[in-house]
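Engineer: Sending over a structure as structure tokens; questions will come in a sec.
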Amino acid sequence: MSAKPPELLTNVVDLLLDAVFMVDVHGKIAFVSAACERILGYSQQELIGRSMLDLVAPEDRARTLEEAGQVMAGLPRIGFENRYVRKDGSHATLMWSARWSEADQMRIGVARDLSEHRQLERRQAATYAISEAAHAAVDLPAMLCDVHHIIARLLPVAGFAAGLLNEADGSLEFPYGCDGGADTPLTQELHAARLCGEAITCGTAMPQVVLAGASDASIIAVPLTSSDRTIGALLIRSHDGCRYGESDCDMLQFVATQVAASIERYRLHARLLMLAQYDELTGLPNRRLLHDRGRHALAVAGQEQRQAAVLYIDLDDFKRINDTLGHDAGDELLRVVGHRLKQCIRIEDTVARLGGDEFMVVLEHIQHADDASRIAAKIRSSVMQVIQLGEHRLSMRPSIGIALYPEHGSGIEQLLRHADQAMYAVKKDKGGAGALQSGVSPGPG
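Heads up: the sequence shown begins at -9 in my numbering, then just goes up one per residue.
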């Protein structure tokens, strides 16, 4: 005996890969096909009688209500997309075709699950966006801020933090964190910091952990792994009422891999830039960066009709330090001198190491020529203070040449040459290197 037509129709509908819904005029679910359980995780019995809108992601409810109104007004709709909350708390992206049955007073809709397809699209978009953010960012916190906004377009995020391992001592630092106005920032929560540390140690995602004190929120921590090492972790906190699922963990782990690679590229670029523009021994700008800053300072001085100055500094008899105490002691002395020079100038001025025991200072603007002489005297006094290196007390004296802009030249190269010549004239007037009591004493006494 054949099945009755309604039963046959139901059996056919239950074979469809797409889900079929019938919703009454009050928005209550009257019928769902078997595919709904595969897509949303709820059985047919669990859904019958529930409000359809309760299943919609909170962010999509307003436009879903508007779309339902269009359907009930008699306008067939095809291709509308919104997100539904699965039974496990994760989101499913559905595309609908729907119409209103006046005779049955029902909205009849067919929903196709686009979650996997949209997931792939979002991954591709995230990869491109993170790469763009890495290229455009002025510093690491700015890049991580962009990453926060990129992830917020992929997942429901109420709080975000990035923890990075300090390359020097391995301690966990948080260069960026934002928690959407929460009383306790995510980076200060002991539980979240511990979870971050566990993700780094284990090298795997730590999913869906309910935070103490939060009414109904969860957190995911995933490691930032680049090549064969872990450099930190990303953490996201959900909105209240939202739970992260396995697909959310997978998405965040994918993003974290892209972010880790971008951070490594950023750090490599920063190191290369440092080597190209800064002296490795003292950390001061090198000759190349000095020229760039000098040209900028002179351009500003020319526009504002101000004076500027260049000081050329050489340490008298420095070679004897290297010959008697060794190059390690000489290197330490140069680091101390470089630090003292930085303390003698203003923040807008530049001190650079040209090489050996030669340093240069660019004073961006001065009121009078005597200002340069006063700063030179300050430098001389600072450098001449005793330097204790182990058992040895060193007393160095500098020779300083001064060049004034625009009196001695209009370009940085001209001023450098003039200051160099002035420095050697000072050294010659002293009667030769060593005449100004550059000395080494054998002990602390």
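Glycine is no exception: its CB is placed at the ideal position from the N, C-alpha and C atoms.
Per DSSP, what kind of secondary structure is Pro131 in: helix, strand or coil?
Structural biologist: Locating residue 131 in the sequence shown gives position 141, where the first residue counts as 1. Residue state, collapsed to three classes: helix.
Engineer: Would you mind listing the beta strand (DSSP E) stretches within the stretch 296 to 327 that are 3+ residues and don't spill past its ends, in chain order?
Structural biologist: Segments of the beta strand (DSSP E) lying fully in the stretch 296 to 327: 297 to 305.
Engineer: At what residues does the alpha helix (DSSP H) containing Glu111 begin and finish?
Structural biologist: Sequence index remark: in the sequence shown, residue 111 carries index 121 (1-based). Glu111 -> alpha helix (DSSP H) spans 105 to 126.
Engineer: Just verifying my parser: in three-state terms, what is the DSSP assignment at Pro48?
Structural biologist: The residue labelled residue 48 in the question sits at position 58 within the sequence shown. Helix.
Engineer: Label Tyr118 either buried or exposed according to how many other C-beta atoms from any shown protein chain fall within 10 Å of its C-beta, with 16 as the threshold for buried.
Structural biologist: Taking the sequence shown and counting its residues from 1, one reaches residue 118 at position 128. Flag for Tyr118 reads exposed.
Engineer: Just checking, does the stretch 293 to 303 make contact with the stretch 353 to 370 on the three C-beta pairs under 8 Å criterion?
Structural biologist: Counting Cβ pairs under 8 Å, three or more are found: they touch.
Engineer: Could you check the C-alpha separation between Arg67 and Glu56 for me, to the nearest Å?
Structural biologist: Translated into positions along the sequence shown, residue 67 becomes position 77. Translated into positions along the sequence shown, residue 56 becomes position 66. Those two C-alpha atoms are separated by around 12 Å.
Engineer: Report buried or exposed for Ala202, applying the criterion of at least 16 other Cβ atoms within 10 angstroms of its Cβ.
Structural biologist: Counting from one through the sequence shown, the residue named residue 202 turns up at place 212. The pLDDT assigned to Ala202 is 42, lower than 50, so where the model puts this residue is not dependable, and the model offers no usable value.
Engineer: Can you have a look at Met241 and say buried or exposed, based on whether 16 or more other CB atoms are within 10 angstroms of its CB?
Structural biologist: The residue labelled residue 241 in the question sits at position 251 within the sequence shown. Under this definition Met241 is a buried residue.
Engineer: From which residue to which residue does the alpha helix (DSSP H) around Ile365 run?
Structural biologist: Here residue 365 is taken as the residue at index 375 of the sequence shown, counted from 1. Where Ile365 is concerned, the enclosing alpha helix (DSSP H) stretches over 359 to 374.
Engineer: In chain order, what residues of the same chain have a beta carbon less than 7 Å from the beta carbon of Arg143, not counting five sequence neighbours either side?
Structural biologist: Mapped onto the sequence shown, residue 143 falls at position 153. Hits under 7 Å: none found.
Engineer: Taking the straight line between their C-alpha atoms, what separation do you get for Val3 and Lys18?
Structural biologist: Counting from one through the sequence shown, the residue named residue 3 turns up at place 13. Counting from one through the sequence shown, the residue named residue 18 turns up at place 28. So the two alpha carbons sit approximately 20 Å from each other.
Engineer: Can you give, in chain order, each stretch of the alpha helix (DSSP H) that sits fully within the stretch 202 to 290 and has at least 4 residues?
Structural biologist: DSSP runs (the alpha helix (DSSP H)) wholly in the stretch 202 to 290: 236 to 267.
Engineer: If I follow the unbroken beta strand (DSSP E) through Met350, where does it start and stop?
Structural biologist: Here residue 350 refers to the residue found at position 360 of the sequence shown. Counting along the chain, the beta strand (DSSP E) containing Met350 begins and ends at 348 to 356.
Engineer: Answer yes or no: do His398 and Leu405 have a C-beta to C-beta separation smaller than 8 Å?
Structural biologist: Position 408 of the sequence shown holds residue 398. Position 415 of the sequence shown holds residue 405. The answer is yes: Cβ separation under 8 Å.
Engineer: On the CB-based measure, 16 or more other CB atoms within 10 Å of its CB, does Ala266 come out buried or exposed?
Structural biologist: One-based indexing of the sequence shown puts residue 266 at position 276. Per the 10 Å Cβ criterion, exposed.
Engineer: Output yes or no for whether 8 Å exceeds the beta carbon distance between Leu280 and Val373.
Structural biologist: Numbered from 1 along the sequence shown, position 290 holds the residue referred to as residue 280. Numbered from 1 along the sequence shown, position 383 holds the residue referred to as residue 373. For Leu280 and Val373, no; Cβs fall outside 8 Å.
Engineer: Can you tell me where the beta strand (DSSP E) with Arg73 in it begins and where it stops?
Structural biologist: On the sequence shown, residue 73 is found 83 positions in, with the first residue counted as 1. Counting along the chain, the beta strand (DSSP E) containing Arg73 begins and ends at 67 to 75.
Engineer: Terminal residues of the continuous alpha helix (DSSP H) containing Gln411?
Structural biologist: As a working note, residue 411 is residue 421 in the sequence shown. Segment 402 to 419, the alpha helix (DSSP H) holding Gln411.
Engineer: State the beta-bridge partners of Glu163 as determined by DSSP.
Structural biologist: Indexing the sequence shown from 1 puts residue 163 at position 173. Leu154.
Engineer: Can you tell me the Cβ-Cβ gap for Ile311 and Leu384, rounded? I've got them flagged as a contact below 8 Å.
Structural biologist: The sequence position of residue 311 within the sequence shown is 321, counting from 1. The sequence position of residue 384 within the sequence shown is 394, counting from 1. At roughly 7 Å, the Cβ-Cβ gap stays under 8 Å, so Ile311 and Leu384 are in contact.
Engineer: Who are the Cβ neighbours of Asp8 in its own chain at under 7 Å, not counting the five residues just before and after it?
Structural biologist: If you number the sequence shown from 1, residue 8 lands on position 18. The residues are Ala25, Val100, Ala101, Arg102.
Engineer: List the whole-angstrom C-beta distance separating Ser228 from Ala207, where the pair is believed to meet the contact cut-off of C-beta under 8 Å.
Structural biologist: The residue given as residue 228 occupies position 238 in the sequence shown. The residue given as residue 207 occupies position 217 in the sequence shown. Ser228 to Ala207, Cβ: 5 Å. Contact.
Engineer: Check whether chain C comes within 8 Å of Lys309, counting only Cβ atoms and requiring the distance to be less than that.
Structural biologist: In the displayed structure, chain C is absent; only one protein chain is listed.
Engineer: Could you check the C-alpha separation between Ala93 and Phe11 for me, to the nearest Å?
Structural biologist: What you label residue 93 is simply residue 103 of the sequence shown in a count that begins at 1. What you label residue 11 is simply residue 21 of the sequence shown in a count that begins at 1. Going by the C-alpha atoms only, they are around 16 Å apart.
Engineer: Do Ile140 and Ser252 have their beta-carbon atoms positioned less than 8 Å apart in this structure?
Structural biologist: On the sequence shown, position 262 is the one that residue 252 refers to. On the sequence shown, position 150 is the one that residue 140 refers to. For Ser252 and Ile140, no; Cβs fall outside 8 Å.
Engineer: Any idea what DSSP makes of Arg330, helix, strand or coil?
Structural biologist: Here residue 330 refers to the residue found at position 340 when the sequence shown is read from its first residue. Here Arg330 sits in helix by DSSP.
Engineer: Smallest Cα separation from Gly284: which of Ser91, Tyr395, Ala115?
Structural biologist: In the sequence shown, residue 284 corresponds to position 294, counting from 1. The residue with the shortest Cα to Cα distance from Gly284 is Tyr395.
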